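The structure appears right after this line, and notes come after that.
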Amino acid sequence: MISCAGLAVAALAGPAAKPFLGSSYPPRPAPVPAAPHNALGMPQTSLDAARFSVDPQLLRRALAALEQHSGSVKARDRMAIVDFTAPSSDLRLHLLDVVSGKASRLLVAHGSGSDPGHTGFLARFSNVFGSNASSEGAFLTGDYYTGKHGRSQRLMGLDPTNNNALSRALVIHSAWYANDDMIPAHGKLGRSQGCFAVGENKLSDVFSFLGEGRMVFAARA
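As structure tokens, then:
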């Protein structure tokens, strides 16, 4: 199974990282001012948990993380939530516009170390090198490069549970094993080695939505 293993740590910041070939970079997002807060201490936006399939408790945790990491996450108008409670056959990558309240959902793979029996369910998180597992917490989207898996986006872990993400080369990339046709054929997606792998025809949508400087929040409800 193809995975995100083998991405050298040096490639994260060194000259080996190449820009997209034949493609323009998604626009760099402008910083978004902090929104007013409601009684729960969350941004006061048009986001309504009842309108979305995201677990309300997980949504509250993600919004709290957005506030907690406001010093690092300057673009706070959009974010992604990955609900790893759901199996890989579910559309568990939620792309949320916290200003307009609009949302979309996509398939996303988890790490083989998080699901050693390949059941389709994430059993555990890990921040350990060599674990091949997905990590839990808030991530900041970084820059883009072309590497082993083609177009990819670096992620910086903002919590103690995922602060090795950059050095572990946990990135957003596309993979054949995360394509929609895996579900009718196998009932689940393949596994990465901790990266957020999405379908080959979905990557541009994810990059366009998130851009640089936004938050991805991964957890179980």
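Our numbering puts the last residue of the sequence shown at 246; the count rises by one with no breaks.
Heads up, the beta-carbon is just placed ideally off N, CA and C, and yes, glycines get one too.
Quick caveat: nothing in here was measured; it's all calculated off a predicted structure.
Quickly, what does DSSP pair residue i with across the bridge? List them, please.
i: Thr186; result: DSSP lists no partner for Thr186.
i: Ala105; result: Leu120 and Val241
i: Leu247; result: This structure does not reach residue 247, given that the chain is present from 26 up to 246, and the question cannot be answered.
Apply the 10 Å Cβ neighbour rule to residue i and answer buried if 16 or more other Cβ atoms are within range, or exposed otherwise.
i: Thr144; result: exposed
i: Leu46; result: Because Leu46 sits at a pLDDT of 36, beneath the cut-off of 50, its placement in the model cannot be relied upon, and the point is left open.
i: Gln178; result: buried
i: Phe221; result: buried
i: His62; result: Confidence at His62 is low in this model, with a pLDDT of 41, below 50, so the placement of that residue should be treated as unreliable; the coordinate-derived value is given next. Exposed.
i: Asp80; result: buried
i: Gly138; result: buried
i: Ala148; result: exposed
i: Ser97; result: exposed
i: Gly66; result: Bear in mind that the predicted position of Gly66 carries a pLDDT of just 39, short of 50, making it unreliable; the figure below should be weighed with that in mind. Classification of Gly66: exposed, given that the 10 Å Cβ count is below 16.
i: Gln244; result: Gln is not the amino acid found at residue 244; the sequence shown has Ala there. It is buried - the Cβ of Ala244 has at least 16 other Cβ atoms within 10 Å.
i: Ala210; result: exposed
Could you work out which residue in the options is closest to residue i when comparing CA atoms only?
i: Leu214; options: Ser113, Pro81, Leu131 and Ser95; result: Ser113
i: Phe164; options: Gly175, Asn152, Tyr170 and Thr171; result: Asn152
i: Ala158; options: Arg130, Asn189 and Thr171; result: Asn189
i: Ala105; options: His94, Gln93 and Leu118; result: Leu118
i: Gly126; options: Asp102, Ser192 and His135; result: Asp102
i: Lys99; options: Ser229, Ser177 and Gly236; result: Gly236
i: Tyr170; options: Phe232, Ser217 and Asp205; result: Phe232
i: Tyr202; options: Asp184, Asn226 and Pro185; result: Asn226
i: Gly182; options: Gly162, His174 and Lys173; result: Gly162
i: Leu195; options: Arg176, Val133, Ala210 and Gly219; result: Gly219
i: Phe242; options: Gly212, Asp184, Ala111 and Ser156; result: Asp184
i: His135; options: Ala90, Leu191, His211 and Thr110; result: Thr110
i: Gly172; options: Ser156, Phe154 and Ser199; result: Ser199
i: Arg239; options: His211, Asn204 and Val123; result: Val123
i: Gly167; options: Gly224, Leu180, Gln82 and Val107; result: Leu180
i: Asp205; options: Leu83, Asp108, Ala90 and Asp115; result: Asp115
i: Arg193; options: Gly155, Ala128, Phe146 and His174; result: Gly155
Where in the segment 193-228 do unbroken runs of the alpha helix (DSSP H), each at least 4 residues long, occur, reported from the N-terminal end onward? Look at the segment 193-228 and you find these whole runs of alpha helix (DSSP H), each 4 residues long or longer: 207-211.
Continuous beta strand (DSSP E) assignments of at least 3 residues falling wholly in the segment 117-178: Counting only runs of 3 or more, we get 118-122, 128-131 and 162-172.
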